[in-house]
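Visitor: Residue numbers for the sequence shown follow numbering that gives the first Met the number 0, so the first one is 0 and each next one is one higher.
Let me give you the structure first, and then I'll get to my questions.
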Amino acid sequence: MPQTFTTIAKYQYSSEAQIIKGRLEADGIQVFLSDNLTIDTDPLVSNAIGGVKLKVLTHQASEAQDILKSIEKYSVDDNGNTIICPNCKSEKIELFSTIKNVKSFFAFIFALVLNIFVNVLPLYEKHRYKCEDCNTEFDMKKS
0 MPQTFTTIAK YQYSSEAQII KGRLEADGIQ VFLSDNLTID TDPLVSNAIG GVKLKVLTHQ
60 ASEAQDILKS IEKYSVDDNG NTIICPNCKS EKIELFSTIK NVKSFFAFIF ALVLNIFVNV
120 LPLYEKHRYK CEDCNTEFDM KKS
C-alpha cells in the first residue's frame, strides 16, 4: 500500500518550515517539505505558489497537528516573556514588516540599490507588532 502525505501547514519561508520539520521529526513523525527549493531560489514566488507545504504521512497527521498546536507561535521579547497588547492585553501578537504599500516598497528598494552602490550598511527595515484580537499596531518600548 503506498504511503500518502497530507499537508498540515504552509509557511512563507523554508526556514520556518525547516524548524517545524525538525521538531516533528524529533517526535518520530516523518515529514516532507514541498516547494521549499523553489522558494529558496526565488522567495518572491512564495505567495504565488502557496508557500512551503509541510506534509506528513496521513496516519500521523492528527499527532502532528497536536504537536503544532503545542508550539507557542506568538511573539516574545528579548527575555523570553510573552508580548502583551497594550490595548486589550491579549497575548496573540505577531511581528510584521511595515512594507505594506507601493510607496514603502519603493523606499526599501531605493535604500537597497543605494546600499549596493554606496555600501552604507546596515540596511534597516522597520518592523512592528500587531495584535490579532484588536488589530492594534505598536512598537516595543526600549528599556
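Just so it is clear, CB atoms sit at the ideal spot from N, CA and C, and this is done for glycine as well.
How would you label glycine 21, buried or exposed, when you count the other beta carbons within 10 angstroms and need 16 or more for buried?
Guide: For this step, residue 21 is matched to residue 22 along the sequence shown. Classification for glycine 21: exposed.
Visitor: Specify, as a first and last residue, the run of the alpha helix (DSSP H) that lysine 68 falls within.
Guide: By one-based count along the sequence shown, residue 68 stands at place 69. 60-69 is the span of the alpha helix (DSSP H), which, as asked, contains lysine 68.
Visitor: Please list the terminal residues of the continuous beta strand (DSSP E) segment that includes isoleucine 19.
Guide: Working through the sequence shown from its first residue, we reach residue 19 at position 20. It is not in any beta strand (DSSP E) - isoleucine 19 instead sits in the alpha helix (DSSP H) that spans 13-25.
Visitor: Do isoleucine 82 and isoleucine 92 have their C-beta atoms closer together than 8 Å?
Guide: Taking the first residue of the sequence shown as position 1, residue 82 is located at position 83. Taking the first residue of the sequence shown as position 1, residue 92 is located at position 93. Yes.
Visitor: According to the neighbour-count rule (16 or more other Cβ atoms, all chains shown, within 10 Å of its Cβ), is serine 14 buried or exposed?
Guide: Residue mapping note: residue 14 aligns to position 15 of the sequence shown, counting from 1. Exposed, because fewer than 16 other Cβ atoms sit within 10 Å of the Cβ of serine 14.
Visitor: Where valine 55 and glutamine 2 are concerned, what is the direct C-alpha to C-alpha distance, given to the nearest angstrom?
Guide: Against the sequence shown, residue 55 aligns to sequence position 56. Against the sequence shown, residue 2 aligns to sequence position 3. When rounded, the distance between both Cα atoms is 10 Å.
Visitor: How about glutamine 17 and glycine 50: do their beta carbons lie closer than 8 Å?
Guide: The residue you call residue 17 lines up with position 18 of the sequence shown. The residue you call residue 50 lines up with position 51 of the sequence shown. It is not a contact, given that the beta carbons lie outside the stated cut-off.
Visitor: Run through DSSP, which three-state label would threonine 6 get?
Guide: As a working mapping, residue 6 is identified with position 7 in the sequence shown. It is a strand residue.
Visitor: Just to confirm before moving on: does the CB-CB distance between aspartate 34 and lysine 52 stay below 8 Å?
Guide: Here residue 34 corresponds to residue number 35 of the sequence shown, with the count starting at 1. Here residue 52 corresponds to residue number 53 of the sequence shown, with the count starting at 1. For aspartate 34 and lysine 52, yes; Cβs fall inside 8 Å.
Visitor: Please list, in chain order, all residues of the same chain as phenylalanine 4 whose beta carbon is under 8 Å from its beta carbon, the five residues on each side excluded.
Guide: Sequence index remark: in the sequence shown, residue 4 carries index 5 (1-based). Closer than 8 Å at the Cβ level, and outside the excluded window around phenylalanine 4, lie Phe31, Lys54, Val55, Leu56, Thr57.
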